[in-house]
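Reading through the structure tokens given below for one structure.
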Amino acid sequence: MHLSRAARIAVRTAAFAGLVVIYVPLLLVLVDSVNADRTFGWPPSGLTLRWWADAWDDSGARQALWTSVRAGLGATAIALVLGTLAAFAVHRHRFFGREAVSFLVALPIALPGIVTGIALNTAFRTVLGPLGVGLGMVTVIIGHATFCIVVVFNNVVARLRRGQGSLEEASMDLGADSFQTFRLVTFPLVRSALVAGGLLAFALSFDEIVVTTFTAGAGVRTLPIWIFSNLARPNQAPVVNVVAAVLVLLSVVPVYLAQRLTSDSPSAGRL
Numbered sequence: 001m002h003l004s005r006a007a008r009i010a011v012r013t014a015a016f017a018g019l020v021v022i023y024v025p026l027l028l029v030l031v032d033s034v035n036a037d038r039t040f041g042w043p044p045s046g047l048t049l050r051w052w053a054d055a056w057d058d059s060g061a062r063q064a065l066w067t068s069v070r071a072g073l074g075a076t077a078i079a080l081v082l083g084t085l086a087a088f089a090v091h092r093h094r095f096f097g098r099e100a101v102s103f104l105v106a107l108p109i110a111l112p113g114i115v116t117g118i119a120l121n122t123a124f125r126t127v128l129g130p131l132g133v134g135l136g137m138v139t140v141i142i143g144h145a146t147f148c149i150v151v152v153f154n155n156v157v158a159r160l161r162r163g164q165g166s167l168e169e170a171s172m173d174l175g176a177d178s179f180q181t182f183r184l185v186t187f188p189l190v191r192s193a194l195v196a197g198g199l200l201a202f203a204l205s206f207d208e209i210v211v212t213t214f215t216a217g218a219g220v221r222t223l224p225i226w227i228f229s230n231l232a233r234p235n236q237a238p239v240v241n242v243v244a245a246v247l248v249l250l251s252v253v254p255v256y257l258a259q260r261l262t263s264d265s266p267s268a269g270r271l
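Number 100 in the UniProt record's numbering belongs to position 100 of the sequence shown; there are no gaps in the numbering.
Have a look at this one:
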């Protein structure tokens, strides 16, 4: 498609404006995390790492970080297993309801978080409540896994569609059994997609707050919930900015690595 010079300028201007709206606030969070002024005046009166030290000494923030990591790892593990199985089933087999499976797997990430949170809260209280199991870490992990599955599913399906089924058939023709074919042919084919999907799933879980609010109960505080609950406390403002900066950095890294792994560049497979 050929665009006129005016159209190209308009598209570039709109793209630049969009990037400014998205990334300037994130940069301000990073700057405020080292701003010596407690009131965060602009421009900064000086730079300091004092707030980072205070954040590290805050036991509540450290506990919330560890809680988010555990929830992210648990949700990612579930998403990798279920998302991969669903991807292989949808791609390799033809059965009644195949399209419905694809739709149902993708639906949780498309629904508003508050709808998913309310539905999960009701389901957990109805099903687990009579068994004496309350809201906690397990329900948070299950809740996060519901929308993390789709990123693994999409990555694995995309890789399988780009792969060559003839390689597996050749492996079987040469005498390899099913396990050997999976280990030597199939798994290397989808390995980078699994890593990319796992990284994206962890990033989604790590910064989730809406679903977590409805599934965590009173005893579980993830890092986003800790930030939200401390926003109204003026004395905690510098520490909150540091924790928010850490959250930004820890979310950017897996997304960047996943993008590199799923790109078509020759260097993508080396990560």
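Cβ atoms here follow ideal geometry from the backbone N, Cα and C, with glycine treated the same way.
Just so we're clear, the structure is a prediction, and the values are computed from it rather than from any experiment.
Flag this pair as yes or no: are the beta carbons of residue 204 and residue 144 separated by less than 9 angstroms?
Cβ distance < 9 angstroms, so residue 204 and residue 144 count as in contact.
Inter-residue CB distance, residue 223 and residue 68 (contact presumed, cutoff 8 angstroms)
4 angstroms
Can you give me the start and stop residues for the alpha helix (DSSP H) that residue 96 sits inside?
Run containing residue 96: none; DSSP gives neither H nor E here.
Assigned exposure category for residue 239 - 16 Cβ within 10 Å defines buried:
buried
Close Cβ partners of residue 308 (< 7 angstroms) along its chain, the five nearest in sequence each way excluded:
A question about residue 308 goes unanswered here, because the residues of the chain that appear run from 1 up to 271.
In DSSP terms, what residue 35 is bridged to:
47
Can you look up residue 8 in the DSSP assignment and give me helix, strand or coil?
helix
Where does residue 222 fall in DSSP's three states?
DSSP places residue 222 in coil when its eight states are reduced to three.
Where does residue 265 sit, in a helix, a strand or coil, going by DSSP?
For residue 265, the pLDDT reaches just 42, beneath the cut-off of 50, and the residue's location in the model is therefore unreliable, although a value from the coordinates is still provided. Note: residue 265 maps to coil in three-state DSSP.
Under 8 angstroms from any heavy atom of the ligand SAH, does the C-beta of residue 62 make it?
As far as ligands go, the structure on display features none, and thus does not contain the ligand SAH.
Are the beta-carbon atoms of residue 13 and residue 121 separated by less than 9 angstroms?
no
Determine, using beta carbons only, whether residue 261 and residue 193 come nearer to each other than 9 angstroms.
yes
Give a yes or no on contact between the segment 150-161 and the segment 102-117, applying the rule of three or more CB pairs nearer than 8 angstroms.
yes
So residue 155 is in the alpha helix (DSSP H); what residue range does that whole segment cover?
Where residue 155 is concerned, the enclosing alpha helix (DSSP H) stretches over 137-162.
Close beta carbons around residue 38, own chain, < 8 angstroms, minus the five adjacent residues each side:
237, 238
Can you grab the Cα-Cα spacing for the pair residue 94 / residue 105, in whole Å?
17 angstroms
Comparing alpha-carbon positions, which option in 140, 27, 158 lies nearest residue 217?
140
According to DSSP, is residue 28 helix, strand or coil?
helix
Hey, out of 18, 155, 49, 58, whose CA is closest to residue 83's CA?
155
So, with DSSP's three-state summary, where would you put residue 176?
Here residue 176 sits in coil by DSSP.
My assumption, with CB atoms under 8 angstroms, is that residue 184 sits in contact with residue 176. Please give the rounded CB distance.
For a cut-off of 8 angstroms, the C-beta gap from residue 184 to residue 176 is around 7 angstroms, short enough to register as a contact.
Kindly list the residues whose CB is nearer than 6 angstroms to the CB of residue 245, restricted to its own chain and excluding five residues on each side of it in sequence; keep chain order.
Answer for residue 245: 29, 30, 33, listed in chain order.
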